[in-house]
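Colleague: Before we start, here is the structure in question, set down as structure tokens.
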């Protein structure tokens, strides 16, 4: 992924991630449109974080909001990629 780095980086400057696909795995009953909206909202709210952190933080924030929306919290289970980093 290529990111634009500057002190004025916004969510629009960072390429979209596969956060919605990860969330679909954890929340199969939630419509893709709702997952996408949760990720987009999280990205907007996280405006100002370092661009390289935005994809993971947005996914985590969206995951938290979806998991607590119905009052039942799930545990975060990061999917480790081949390079050993979390989602």
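Residue numbers (the working numbering): 1 to 87. Quick reminder that beta carbons are idealized off the backbone N, C-alpha and C, glycines included. Just so it is clear, the structure is predicted and the values come from calculations on it, not from any experiment.
(1) Does residue 63 come out as helix, strand or coil in the three-state DSSP assignment?
(2) Using 7 angstroms as the threshold, is the C-beta distance between residue 58 and residue 37 below it?
(3) Following the continuous alpha helix (DSSP H) through residue 34, name the residue where it begins and the one where it ends.
(4) Give every residue of the same chain whose Cβ lies closer than 7 angstroms to the Cβ of residue 24, excluding the five residues on either side of it in the sequence, and list them in chain order.
(5) Do you know offhand how far residue 11's Cα is from residue 51's?
(6) Compute the Euclidean distance between the alpha carbons of residue 62 and residue 30, then round it to the nearest angstrom.
(7) With distances taken from CA atoms, which of 27, 19, 40 is nearest residue 66?
(8) For residue 49, collect the residues of the same chain with a Cβ closer than 7 angstroms to its Cβ; drop the 5 residues on either side in sequence, then sort them by chain order.
Modeller: For this structure:
(1) Residue 63 sits at position 63 when you count from the first residue of the chain shown. Residue 63 falls in the helix class under three-state DSSP.
(2) For the purposes of this step, residue 58 is taken as the residue at position 58 of the chain shown. For the purposes of this step, residue 37 is taken as the residue at position 37 of the chain shown. Taking 7 angstroms as the Cβ cut-off, residue 58 and residue 37 do not qualify as a contacting pair.
(3) In the chain shown, counting from the first residue as 1, residue 34 sits at position 34. It spans 32–45 - the alpha helix (DSSP H) in which residue 34 sits, taken as one unbroken run.
(4) Residue 24 sits at position 24 when you count from the first residue of the chain shown. Cβ neighbours of residue 24 beyond the five flanking positions: 32, 35.
(5) One-based indexing of the chain shown puts residue 11 at position 11. One-based indexing of the chain shown puts residue 51 at position 51. Legend: pLDDT at residue 11 = 47, less than 50; position of this residue unreliable, value from coordinates given subsequently. So the alpha carbons of these two residues sit roughly 8 angstroms apart.
(6) As a working mapping, residue 62 is identified with position 62 in the chain shown. As a working mapping, residue 30 is identified with position 30 in the chain shown. Using only the alpha carbons, I get a separation of about 12 angstroms.
(7) Looking up residue 66 in the chain shown gives position 66. The shortest C-alpha separation from residue 66 is found at 27.
(8) By one-based count along the chain shown, residue 49 stands at place 49. Result list for residue 49: 57, in chain order.
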